[in-house]
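Student:
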Amino acid sequence: MKITRRVKEILANYESDNPGTKGNLARILMEGRLGGTGKMIILPVDQGFEHGPARSFAPNPAGYDPHYHYQMAIDAGLNAYAAPLGPLEAGADTFAGAIPTILKMNSANSLSRQKEGADQAVTSSVQDALRLGCAAIGFTIYPGSDAMYDQYEEIRELSAEAKSYGIPTVLWSYPRGGNVTKEGELAVDIIAYAAHMAALLGAHIIKVKLPNDYLENAEAKKVYLERQIATGTLPERVRHVMQSCFNGRRIVVFSGGAHKGEDAIFDDARAIRDGGGNGSIIGRNSFQRSREDALVLLDRLVKIYLGKE
Amino acid sequence: MKITRRVKEILANYESDNPGTKGNLARILMEGRLGGTGKMIILPVDQGFEHGPARSFAPNPAGYDPHYHYQMAIDAGLNAYAAPLGPLEAGADTFAGAIPTILKMNSANSLSRQKEGADQAVTSSVQDALRLGCAAIGFTIYPGSDAMYDQYEEIRELSAEAKSYGIPTVLWSYPRGGNVTKEGELAVDIIAYAAHMAALLGAHIIKVKLPNDYLENAEAKKVYLERQIATGTLPERVRHVMQSCFNGRRIVVFSGGAHKGEDAIFDDARAIRDGGGNGSIIGRNSFQRSREDALVLLDRLVKIYLGKE
Amino acid sequence: MKITRRVKEILANYESDNPGTKGNLARILMEGRLGGTGKMIILPVDQGFEHGPARSFAPNPAGYDPHYHYQMAIDAGLNAYAAPLGPLEAGADTFAGAIPTILKMNSANSLSRQKEGADQAVTSSVQDALRLGCAAIGFTIYPGSDAMYDQYEEIRELSAEAKSYGIPTVLWSYPRGGNVTKEGELAVDIIAYAAHMAALLGAHIIKVKLPNDYLENAEAKKVYLERQIATGTLPERVRHVMQSCFNGRRIVVFSGGAHKGEDAIFDDARAIRDGGGNGSIIGRNSFQRSREDALVLLDRLVKIYLGKE
Amino acid sequence: MKITRRVKEILANYESDNPGTKGNLARILMEGRLGGTGKMIILPVDQGFEHGPARSFAPNPAGYDPHYHYQMAIDAGLNAYAAPLGPLEAGADTFAGAIPTILKMNSANSLSRQKEGADQAVTSSVQDALRLGCAAIGFTIYPGSDAMYDQYEEIRELSAEAKSYGIPTVLWSYPRGGNVTKEGELAVDIIAYAAHMAALLGAHIIKVKLPNDYLENAEAKKVYLERQIATGTLPERVRHVMQSCFNGRRIVVFSGGAHKGEDAIFDDARAIRDGGGNGSIIGRNSFQRSREDALVLLDRLVKIYLGKE
Amino acid sequence: MKITRRVKEILANYESDNPGTKGNLARILMEGRLGGTGKMIILPVDQGFEHGPARSFAPNPAGYDPHYHYQMAIDAGLNAYAAPLGPLEAGADTFAGAIPTILKMNSANSLSRQKEGADQAVTSSVQDALRLGCAAIGFTIYPGSDAMYDQYEEIRELSAEAKSYGIPTVLWSYPRGGNVTKEGELAVDIIAYAAHMAALLGAHIIKVKLPNDYLENAEAKKVYLERQIATGTLPERVRHVMQSCFNGRRIVVFSGGAHKGEDAIFDDARAIRDGGGNGSIIGRNSFQRSREDALVLLDRLVKIYLGKE
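Protein chains in written order, with my numbering: chain A, 430 to 738; chain B, 430 to 738; chain C, 430 to 738; chain D, 430 to 738; chain E, 430 to 738.
Okay, structure coming up:
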């Protein structure tokens with residue numbers, strides 16, 4: 430597999446990583462229809478933990494079967510499929526070697542009465558990632574929440590162990606709780622901050638939500654206005670998040686959140702592309718559509734990242 | 430022992446498991462009068478921890494002797510007998526090789542002042558399961574409770590250890606505590622969610638209570654109504670739970686709860702069968718009857734699963 | 430990466446392996462110009478240990494540089510590159526993700542006065558394979574030699590450790606020493622025996638030399654003659670070796686030994702193909718030619734395995 | 430590298446430390462334009478955790494890139510560069526051996542609603558410091574805060590581990606919380622107390638803020654007045670802090686806090702020098718200026734410590 | 430410390446190493462009068478183990494004191510000082526940070542009745558190297574000897590441990606025993622082979638004796654003659670050894686063996702320089718002279734490597 434110049438440039442930013450870790454990043458970056466471009470689309474299916482099966486899969490019941498998602502990621506030419514232990518185990522043999530997988534190691538849970546952003550269980554291990562042939566581990570942090578510090582210490586240990594075995598880490602960084610208001614969860618200053626902290630923690634791939642133009646923190650707001658940091662358009666905000674991740678030295682992918690209309694999804698992707706982001710992580714917006722609709726949607730997303738739309 | 434086509438199909442769903450783990454699943458699936466059908470009846474006797482001996486065994490004092498339950502499971506042609514460390518140790522030699530056993534590793538305790546759903550002690554080890562020749566380990570989780578995350582992390586470790594030794598895991602998944610109301614504990618959306626989380630955690634066999642048609646969670650309810658998910662009859666609800674366990678890729682058995690009338694028990698079993706469930710786990714309803722009555726009752730249950738009643 | 434039907438069939442033979450190990454086998458089987466065909470060509474460069482640098486690389490001094498071999502394997506579209514620790518370390522970063530690598534963990538050494546087939550040092554670890562991102566470990570055994578039993582125990586441990594991390598094992602099986610005469614080292618009964626023992630030891634990929642039609646062992650010879658085992662032609666002998674490796678359930682690749690003429694190499698490859706072998710492992714015959722000549726030679730080998738010549 | 434007499438005197442104060450730890454102190458003390466003088470300037474860049482990326486780097490956007498800071502520390506001839514895991518990883522290879530680095534292992538976080546001085550996550554390990562070639566670890570304590578005792582126990586363990594590997598500890602000691610009023614955070618009695626506790630905890634290098642002449646604690650105040658402890662001028666206060674750190678047996682560096690005017694910075698440095706302090710740790714005041722301005726500023730600071738201004 | 434372009438080029442060859450290991454290589458390469466040139470002179474003092482104190486130090490009794498050698502390495506502007514545990518411990522505090530040290534972990538011993546090339550004791554640990562602040566570990570292998578395989582396995586483990594802590598490995602590779610004749614110990618084919626094996630084992634710095642033009646191995650000789658490998662002059666032989674170490678991707682230093690005349694030593698150094706070698710490791714020829722003579726000699730050696738003589 431000839432690694433493209435663009436992918437080599439990206440890998441070169443991971444200076445302290447061993448070749449095994451870079452090799453797994455390369456597996457993800459070279460996979461699928463965006464392989465070699467430095468762009469990526471990841472299919473994450475971990476909503477079962479947070480929302481339960483019906484809210485996740487009833488809109489498209491084929492999704493109750495974990496094989497469906499493996500096959501969708503392959504057929505749509507995506508870069509990777511992320512899921513918790515159980516679903517990966519359920520298809521790991523049938524799809525061995527067929528698509529890079531990301532073992533999602535913790536997840537929120539809406540049955541808990543603990544307030545939003547509370548700590549989560551770590552439901553699998555780095556050893557699981559190895560025996561299942563995963564290309565990365567995934568982990569969620571909630572910057573701001575009371576669980577934040579515990580989560581930071583958990584990911585420090587898991588990430589260090591994973592790095593020693595040649596496995597990179599994908600961090601889902603969702604600000605919530607603490608001083609973060611509900612509105613602030615999507616504020617551009619807060620999202621940039623959350624992305625930056627994921628980078629500080631040593632993440633290889635950072636996943637945040639697309640920010641809006643709200644500025645939450647008063648101190649930060651002053652700086653944004655004074656320095657005239659451009660955050661008026663979505664591409665500008667994406668660019669600012671990329672800058673906040675070591676000036677583009679880390680891969681950042683964006684999610685669009687809840688199921689929404691196609692045009693909004695395409696607009697988001699163009700903004701990510703134009704702002705220099707690395708791509709999309711798109712779960713409910715693909716697997717809650719019918720397979721046919723999802724394939725059409727993902728095909729257009731791929732084309733957008735290829736610069737064809 | 431010729432493994433039947435049906436059992437082979439079931440084993441094939443456990444893709445990432447080593448042959449030792451599949452072999453133990455096969456031992457359970459091929460045992461007794463339902464051996465080879467993909468259906469199973471398990472005799473669980475762990476009420477001593479939760480309710481004490483008199484509440485458990487006074488109705489049928491023969492049950493004070495652990496040998497009684499081993500012998501009952503064998504004589505009734507059941508698939509497995511599940512119990513905590515002590516009772517298994519008390520009969521493991523006499524009944525070595527005679528019936529697959531499941532080592533129940535944690536249990537609730539009504540002496541504790543901790544509120545329902547609090548964490549439980551892990552009272553035995555995977556090493557115990559090996560030296561006692563058990564075919565599986567069993568573990569209870571309480572989705573929703575404050576102890577939930579600790580329990581998830583406990584079962585992650587125990588299950589990973591057990592899998593490495595070729596031992597499958599049976600998860601008792603009982604929603605309670607947290608955002609789950611008393612009524613919600615049997616709500617179909619909550620039971621399906623609890624079963625789904627057991628699957629996400631990597632369980633091989635999932636044990637839940639039979640759900641009623643109540644819908645607890647407002648967000649979920651909306652989806653059930655919108656998508657017209659059929660949950661009006663018990664078979665429909667069983668079918669929905671099976672779907673929620675990786676579209677039937679995991680074995681699910683159902684319990685009926687407290688001692689009740691025979692007709693209700695038989696109706697439950699027919700519903701489990703008709704909804705595609707894998708069988709019953711039936712404790713108090715068998716061992717709190719006299720041996721004769723219990724054998725008659727279990728004989729009819731077997732016949733129901735064989736499609737003869 | 431859509432895994433081909435042929436590769437899926439091959440992977441299905443590795444029944445007890447975890448998905449990680451199958452995934453790495455898939456990486457090798459899907460790589461390069463033979464990717465997906467079930468055939469493979471591996472470039473091994475470990476002659477430095479056995480013959481020293483000048484005997485290995487003077488015929489084509491570009492080969493003194495480990496990068497040369499990585500690049501050759503990539504440019505020729507081969508399936509994998511095998512080498513000891515030092516050379517893999519010297520290029521692992523530049524070529525991260527670009528070509529599956531096999532960490533050759535032991536090697537003979539011609540400075541030793543110990544008789545041929547004596548034990549070898551294990552010069553790297555499974556942890557090295559992980560941090561370098563290797564797709565497999567490689568190990569040489571000398572069936573017949575006094576070191577044989579030690580080697581079998583070494584590979585038992587290394588292979589078990591590697592399997593637990595999702596890394597398959599390639600066994601170089603060279604009969605020598607003990608009751609094996611110099612002539613017998615290539616005898617068809619002995620080579621088939623050596624290949625079979627590698628399979629018995631749990632190897633995923635077996636590497637032997639192409640056998641001639643000599644029959645070494647008197648007892649064995651009787652059976653070959655009695656049963657009229659076809660070993661008269663090279664394809665027949667390849668077929669017999671494949672049969673000896675669990676009737677084709679294990680991947681077997683063949684080497685041609687010392688540098689020789691091109692026609693002989695092509696004839697060998699056609700025989701391997703026609704006998705149902707999985708491919709060639711070709712070291713000196715490629716890297717001791719000039720890069721241009723080697724690329725031409727490897728191109729023809731690829732075409733032979735593709736059935737085009 | 431001929432260690433100067435002055436540096437040897439300083440090293441001699443670290444009586445119980447192994448030569449590895451002293452060697453790393455020497456690396457820092459001998460580096461850059463102040464190398465050998467016993468004075469030092471350290472560039473710390475960990476504000477991203479506490480203030481987020483925009484507040485930290487928008488004033489000089491080049492600073493979003495971790496390489497910028499490595500290069501600045503080298504070009505300005507500083508003694509060391511301190512940062513959390515992520516930024517060090519992002520440049521550790523490019524700048525291997527080029528500048529001593531300090532791995533900042535914990536950091537505050539302004540998204541948290543926990544009151545100031547609450548505990549912080551430990552976001553890296555001593556093993557990280559070793560693989561990244563760091564010359565020291567850095568850690569923040571909040572004397573006075575509720576988290577104080579936990580922090581003391583954390584640094585006890587980290588520091589003991591680091592010392593065993595030859596790595597010294599830099600303690601950032603910031604009094605806050607508990608009985609410390611907002612005004613008291615800079616009071617000379619409190620700062621001296623905080624510095625002293627860092628020394629008591631076994632720190633090799635102590636970092637405090639420059640104190641003002643306020644006296645916070647009533648009991649202490651009495652002593653200061655009775656004993657006529659000179660704290661009227663900044664040099665006197667620096668001298669008092671040095672005295673509080675084992676009468677000058679420990680290295681103490683001072684920070685100036687938020688971005689401020691150049692003259693104030695130079696006055697501070699002269700006071701540190703004249704009071705016998707070991708130097709400055711200067712973050713925002715350098716990296717929030719343009720590179721040109723920062724180099725001019727740092728050049729003058731160096732000259733001040735060299736006694737030339 | 431601005432790393433020179435030449436040193437950066439050398440470090441870039443150590444692709445799979447972590448920044449800590451590269452940083453320690455940089456410390457050695459940037460030290461002393463040759464710092465930054467890519468050339469190096471190392472002072473090794475481990476003859477005490479092999480020849481006893483009188484044979485080692487009587488010619489210049491100042492050398493009985495380990496401080497003498499530390500000071501000599503510093504005063505002469507060398508790159509590093511290598512010694513066993515005891516001597517390093519005896520001066521490590523006095524000279525902390527003053528000169529990179531190499532912990533020589535095994536050594537021959539002439540009291541043993543075991544024949545030459547027998548195994549050696551490992552007399553210190555990687556943990557010792559850390560607590561003493563060493564920049565590298567050193568280890569001797571005897572390619573050819575009966576102890577060879579044990580030595581290879583020892584260095585595999587020590588080197589892997591050291592690499593994980595950021596410490597590089599220097600391998601002394603002395604062919605002897607086995608098929609190597611006394612004359613062959615300096616034969617160019619054998620020395621090149623021994624150097625190559627050190628590289629295969631993952632050494633960072635390789636130390637061999639300067640070879641003569643004898644060709645020992647019949648098979649190798651044929652290749653040298655056929656391919657007209659230039660080995661007639663010492664620079665040609667040095668060049669051939671460098672080529673044998675991954676075409677110059679590994680640092681190689683040469684020793685001259687027993688005490689000899691100054692002119693011979695200077696001729697050797699010019700040959701090493703002209704052949705592209707990285708430098709000299711010079712023990713007895715320096716410490717068995719008086720301090721004055723040794724300083725004059727080392728001064729001229731430095732000048733030779735600087736191209737001034």
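Even for Gly, the Cβ is constructed at its ideal location relative to N, Cα and C.
(1) Based on Cα-Cα distance, which residue from N447(C), G520(C), T433(C), G661(C) lies nearest to A700(C)?
(2) Indicate whether D741(A) and S593(B) have their beta-carbon atoms separated by less than 8 Å.
(3) Do you know how far the Cα of A693(C) is from the Cα of L639(C)?
(4) If you reduce the DSSP assignment to three classes, tell me which class K683(C) lands in.
(5) How would you list, in chain order, the residues of chain C whose beta-carbon sits under 7 Å from the beta-carbon of N707(A)?
(6) Report the partner residues of F568(B) according to the DSSP bridge assignment.
(7) Is L458(D) helix, strand or coil when you go by DSSP?
(8) Hey, G704(C) and V731(C) are a contact pair by Cβ (cut 8 Å); roughly how many whole angstroms apart?
(9) Shortest alpha-carbon distance to A627(D) belongs to which of V670(D), L615(D), T610(D)?
(10) Going along the chain, which residues of the segment 600-621 of chain A sit with their C-beta nearer than 7 Å to a C-beta in chain D?
(11) At 8 Å on the CB atoms, spell out the chain C contacts of N447(B), in chain order.
(12) In chain A, which residues lie less than 9 Å from S593(C) when you measure between Cβ atoms?
(13) Give a yes or no on whether 8 Å exceeds the smallest Cβ distance from R572(A) to chain D.
(14) Would V652(B) be called buried (16 or more neighbouring beta carbons within 10 Å of its own) or exposed?
(15) Can you pull the chain B residues whose beta carbon is under 9 Å from the beta carbon of D575(A), in chain order?
(16) Step through the CB atoms of chain E and report whether any lies within less than 8 Å of the CB of R666(C).
(17) Is I432(B) helix, strand or coil when you go by DSSP?
(18) Apply the 10 Å Cβ neighbour rule to R713(D) and answer buried if 16 or more other Cβ atoms are within range, or exposed otherwise.
(19) Which residue's Cα is closest to the Cα of L615(C): D642(C), G607(C), L629(C)?
(20) For the segment 644-677 of chain A, which residues have a beta carbon sitting closer than 7 Å to at least one beta carbon of chain D?
(21) So with Cβ pairs under 8 Å, would you call A487(E) a contact of chain C?
(22) Count the other CB atoms, across all protein chains shown, that sit within 10 Å of the CB of Q657(E); report buried if there are 16 or more and exposed otherwise.
(23) For G677(D), which option in I634(D), E645(D), Q717(D), A698(D) has the closest C-alpha, if you only look at C-alpha atoms?
(24) Determine, using beta carbons only, whether I432(A) and A527(C) come nearer to each other than 8 Å.
(25) Hey, does A565(D) have any beta-carbon neighbour from chain E nearer than 8 Å?
(26) Pick helix, strand or coil for L472(C), following the three-state DSSP scheme.
(27) Checking contacts by CB at 8 Å: is H480(B) closer than that to chain A?
(28) I think G607(A) touches S536(D), with their Cβ atoms under 8 Å apart; what is that distance to the nearest whole Å?
(29) What does a CB cutoff of less than 6 Å around A496(C) pick up in its chain, not counting 5 residues either side in sequence?
(30) Under three-state DSSP, which class holds G467(B)?
(31) Give me the chain E residues within the contact set of S553(C), using Cβ-Cβ distance strictly less than 7 Å, ordered along the chain.
(32) In whole angstroms, give me the CA-to-CA distance for Y603(E) and F568(E).
(33) Are the Cβ atoms of A576(C) and D557(C) separated by less than 8 Å?
Tutor: Let's see:
(1) That would be G661(C), whose Cα lies nearest to the Cα of A700(C).
(2) Residue 741(A) is absent from the model: chain A starts at 430 and stops at 738.
(3) Rounded to whole angstroms, L639(C) to A693(C) spans 12 Å at the Cα level.
(4) What sits at residue 683(C) in the sequence shown is Phe, not Lys. Here F683(C) sits in strand by DSSP.
(5) None at all; the shortest Cβ gap to chain C is about 17 Å.
(6) By DSSP's assignment, F568(B) forms a beta bridge with L600(B).
(7) Helix at L458(D).
(8) With a Cβ gap of about 18 Å, G704(C) and V731(C) do not count as contacting.
(9) Checked all of V670(D), L615(D), T610(D); the closest Cα to A627(D) is V670(D).
(10) Result list: P604, G607, N608, V609, D618, A621.
(11) What N447(B) touches in chain C, judged by beta-carbon distance under 8 Å, is S445, N447, going in chain order.
(12) Those within 9 Å of S593(C) in chain A are Q556, L559, R560.
(13) A small correction: the amino acid at residue 572(A) is Pro; Arg does not occupy that position in the sequence shown. Cβ-Cβ to chain D under 8 Å: yes for P572(A).
(14) Buried, by the Cβ-count rule.
(15) What D575(A) touches in chain B: nothing, since even the nearest Cβ is about 14 Å away.
(16) Taking Cβ atoms only, chain E never reaches closer than 8 Å to R666(C), which makes this a no.
(17) I432(B) falls in the coil class under three-state DSSP.
(18) By the C-beta density criterion, R713(D) is buried, having at least 16 other C-beta atoms within 10 angstroms.
(19) Cα-wise, what sits closest to L615(C) is D642(C).
(20) Against chain D - using a Cβ distance shorter than 7 Å - the residues of the segment 644-677 of chain A are E648, A649, V652, Y653, R656, I658, Q672, S673, F675, N676.
(21) False, the Cβ-Cβ gap to chain C never drops below 8 Å.
(22) By the C-beta density criterion, Q657(E) is exposed, having fewer than 16 other C-beta atoms within 10 angstroms.
(23) Cα-wise, what sits closest to G677(D) is I634(D).
(24) Using a Cβ distance threshold of 8 Å, I432(A) and A527(C) count as a contacting pair.
(25) It does not; no Cβ of chain E falls within 8 Å.
(26) Reduced to three states, the DSSP call for L472(C) is strand.
(27) Output row for H480(B): interface = no.
(28) Not quite, the Cβ-Cβ distance comes to about 15 Å (not below 8 Å), so this is no contact.
(29) What sits at residue 496(C) in the sequence shown is His, not Ala. Excluding the 5 residues flanking it on each side, H496(C) has same chain C-beta neighbours closer than 6 Å at G520, in chain order.
(30) Reduced to three states, the DSSP call for G467(B) is coil.
(31) What S553(C) touches in chain E: R585.
(32) Going by C-alpha positions, Y603(E) is about 11 Å away from F568(E).
(33) Against a cut-off of 8 Å, the Cβ pair of D557(C) and A576(C) comes out as no contact.
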